[in-house]
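For reference, each letter of the sequence shown is one residue, going 1 to 278 in full-length UniProt numbering.
We put the beta carbon where it would ideally sit given N, CA and C, even for glycine.
Scroll down for the structure; my scribbles are underneath it.
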Amino acid sequence: MVYRWRCRHCEFTVWGRSGEAVANQVRSHMLAHNRQHVTEGEMQVQWTCPYCDRTGQTSGRERGLEAYSDHLFGHVEALMESGVHVADDIGHTGSILTLSPLESAGANNARVHFISPCDIAVFVTTNPSRRIRLLKRELTELPAWIVVLTTKREPLESLSEESLSTLPLEVVRLDKQLGLSDLGQTVSRVLGEQERMDGKITVEFDILSELLDTFTLQNVFKFLHILNSRLEKADALSHYYFDPSAGYEGSANVIEEMFDLRIRANEETFVSEPSTSP
Ligand SMILES: [Zn+2]
Ligand SMILES: [Zn+2]
């Protein structure tokens with residue numbers, strides 16, 4: 001079960017498997033919208049509610065702000081929906097950028113969320129064993145077919161023989177010197193093979209930072225544009241991973257605009273925020 005809450009005042013949306021975790025994000029979001037109605041004194045906090053004109057006064061900063069955000073939450077709690085999927089927002093086809101460190105609980109939550117409803121899972125990653133182990137650990141049912149595209153020499157060496165023999169898995173080795181157009185063609189060929197099968201395709205793309213390190217921003221931009229339209233043609237749901245804190249200041253904004261949806265993923269929730277870029 002996944003919950004979703006969408007703000008009526010801005011483009012903020014939060015999703016999560018725990019209703020309480022979503023509610024906590026909503027409380028701080030509502031508080032941020034209504035800071036101007038809070039007066040913080042030395043000993044106490046005073047607030048006015050713009051929805052019902054109620055006022056409150058509490059001693060202690062933390063407790064005061066908590067009381068106010070609880071009160072505000074009461075006005076918007078009914079906007080909480082359940083039984084949703086993040087990809088509902090883009091009709092289950094298109095590209096989603098997940099902003100978080102690549103090897104983190106947040107990114108793993110997103111991976112599981114995007115892969116679980118799909119039949120064919122394609123990965124472009126330098127960490128194939130970890131991705132396979134995640135699926136085996138978190139999914140009650142593995143995808144019908146898994147394709148891993150990787151530059152890793154012994155991509156699955158840390159997985160046991162017997163677990164490999166039972167996996168519906170195909171590995172496509174990528175040359176480390178591969179140019180962007182060759183990479184695009186390889187992904188396209190894999191998609192072509194999978195399109196002939198029956199089932200929804202999901203593509204995880206982990207190597208955005210590697211591409212930015214190797215190629216110019218303009219070329220990466222062009223590559224993503226072509227790749228995303230190819231994925232769209234395959235009716236695929238693609239999820240890209242990118243760590244905005246990893247020092248790509250100039251590129252991050254440009255990259256972020258390339259996707260149909262952008263979320264920040266942490267351990268408990270996914271958040272889509274209004275764009276902060278000017
Ligand atoms: Zn808002
Ligand atoms: Zn009120």
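Residue i (DSSP reduced to helix, strand or coil)
i, result
"Ile-207", "coil"
"Glu-81", "strand"
"Gln-194", "helix"
"Gln-177", "coil"
"Thr-93", "coil"
"Ser-59", "strand"
"Ser-116", "coil"
"Thr-214", "helix"
"Leu-139", "coil"
"Leu-237", "strand"
"Pro-278", "Below a pLDDT of 50, predicted positions are generally treated as unreliable, and Pro-278, at 39, falls in that range; no measurement from the model is reported."
"Met-30", "helix"
"His-37", "helix"
Local Cβ density within 10 Å of residue i, reported as buried at 16 or more and exposed below that
i, result
"Leu-139", "exposed"
"Asp-182", "exposed"
"Cys-118", "buried"
"Leu-79", "exposed"
"Ser-229", "exposed"
"His-225", "exposed"
"Thr-166", "exposed"
"Asp-198", "exposed"
"Met-30", "buried"
"Asp-213", "exposed"
"Met-1", "exposed"
"Glu-267", "exposed"
"Arg-262", "buried"
"Gly-106", "buried"
Which residues DSSP lists as bridging residue i, in chain order
i, result
"Arg-264", "Leu-99, Val-271"
"residue 284", "There is simply no residue 284 to check, as the chain begins at 1 and stops at 278 in what is shown."
"Tyr-68", "BP columns for Tyr-68 are empty, so no partner."
"Tyr-3", "Gly-16, Ser-82"
"Val-124", "Leu-149, Phe-205"
"Val-172", "Leu-149"
"Thr-186", "According to DSSP, which records beta bridges pairwise, Thr-186 is partnered with nothing at all."
"Phe-242", "Leu-99"
"Thr-48", "Thr-55"
Beta-carbon contacts of residue i that lie in its chain and below 8 Å, excluding the five residues immediately before and after
i, result
"Val-254", "Leu-217, Phe-221"
"Thr-186", "Leu-149, Val-172, Leu-174, Leu-178"
"Ile-207", "Val-124, Thr-125, Thr-126"
7 Å Cβ shell around residue i - same chain, five flanking residues per side excluded
i, result
"Cys-10", "Pro-274"
"Glu-40", "Arg-61"
"Phe-215", "Leu-180"
"Ser-59", "Met-43, Gln-44"
"Lys-176", "Thr-151"
"His-113", "Val-86"
"Ala-23", "Phe-73"
Cβ-heavy atom distance, residue i to ligand 4, below 7 Å
i, result
"Arg-54", "No copy of ligand 4 occurs in the structure displayed; its ligands are ligand 1 and ligand 2 alone."
Sequence-distant residues of its chain with Cβ nearer than 6 Å to residue i (five each side left out)
i, result
"Trp-47", "His-37, Val-38, Gly-56, Tyr-68"
"Ser-28", "none"
"Lys-200", "Cys-118, Asp-119"
"Ile-115", "Ala-121, Thr-202"
"Arg-6", "Thr-13"
"Phe-123", "Arg-131, Val-148, Glu-204"
"Asp-70", "none"
"Asp-235", "Thr-93"
"Ile-90", "Asp-260, Leu-261"
"Ser-272", "Thr-13, Ile-263"
Contact with chain C by residue i, beta-carbon distance below 8 Å
i, result
"Trp-15", "You won't find chain C in this structure, because it holds only one protein chain."
Check your understanding: Around ligand 1, which residues pass a check of Cβ closer than 7 Å to any of its heavy atoms?
Key -> Counting every residue whose Cβ lies closer than 7 Å to a heavy atom of ligand 1, we get Cys-7, His-9, Cys-10, Phe-12, His-29, His-33.
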